[in-house]
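Asks: One structure is given below, represented as structure tokens, and several questions about it will come after.
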Amino acid sequence: MSIDFEKIHTPKTLSHVFELQPLADTLAAKPLSAAACKLIDMPKNEFLDTEEEINAIEAALYILSVKFDTLPKEERPNDRDKVRLVGGSYGDFTAAERAQWITRNRGPTIEQLISRVEPPFHAQSIDLMYKDVAAMIDERLAKVLPKDARDAKTQR
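For the sequence shown, the numbering used here begins at 188 and goes up steadily by one.
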């Protein structure tokens, strides 16, 4: 059976079958727009004349979901605190070790997408996109991860 990528709006260059069911359910409920797929699939040497911010956000969420889903199990953050928090110590983890998977990964992902749009987005728009992507991916990953380390240990 062949997959019609245009019909289900999956990027041709980043098609993925999700292992984590909550991520799969989220994308099944609200598939990517054709514009977000186009932004992901664009060759690095091509640029769009203009683009809606929502398409860059949607594309970034998809890419981050794929990145999280493809992490080896031992490298994947296994509770919400390791995905979100900054600073201080937490159990056996230093701030750098738990230094927010989201923060480490959203910047390069968003930059990769918005650098393909000319004229560039305004700084205020970029700042809002960073905040929106962080909040939305946090919401997605909250469905996958236990609330704290104690819950993570009981799920193993």
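The beta-carbon is built from N, C-alpha and C at its ideal position, and this holds for glycine as well.
Report the residue from I244, R263, H309 and E261 whose alpha carbon sits nearest the alpha carbon of D319.
Replies: Within the sequence shown, numbered from 1, the residue matching residue 319 stands at position 132. Of the listed residues, the one whose Cα sits closest to D319 is I244.
Asks: Less than 8 Å between C-beta atoms, sequence neighbours within five positions excluded: which residues of the same chain meet that for L315?
Replies: As a first step, residue 315 is located in the sequence shown; it is residue number 128 there, counting from the start. Excluding residues within five positions, the ones whose Cβ falls inside 8 Å are E240.
Asks: What does V304 pair with, by DSSP beta-bridge criteria?
Replies: Position 117 of the sequence shown, counted from the start, is the residue given in the question as residue 304. BP columns for V304 point to L235.
Asks: Can you tell me the Cα-Cα spacing of H203 and A310, whole angstroms?
Replies: Reading the sequence shown from its first residue, position 16 is the one you call residue 203. Reading the sequence shown from its first residue, position 123 is the one you call residue 310. Cα-Cα distance, rounded: 32 Å.
Asks: Return the residue from the list E298, E262, L235 and Q208 that minimises the CA-CA distance to I250.
Replies: Locating residue 250 in the sequence shown gives position 63, where the first residue counts as 1. Nearest option by C-alpha distance: E298.
Asks: Could you check the C-alpha separation between K217 and T200 for me, to the nearest Å?
Replies: As a working mapping, residue 217 is identified with position 30 in the sequence shown. As a working mapping, residue 200 is identified with position 13 in the sequence shown. Roughly 19 Å separates the two Cα atoms.
Asks: Under a Cβ-count criterion, where at least 16 other Cβ atoms within 10 Å of its own Cβ denotes burial, should A246 be classed as buried or exposed?
Replies: What you label residue 246 is simply residue 59 of the sequence shown in a count that begins at 1. So A246 ends up on the buried side.
Asks: Buried or exposed, going by whether 16 or more other CB atoms sit within 10 Å of the CB of S312?
Replies: Translated into the one-based positions of the sequence shown, residue 312 becomes position 125. Exposed is the call here.
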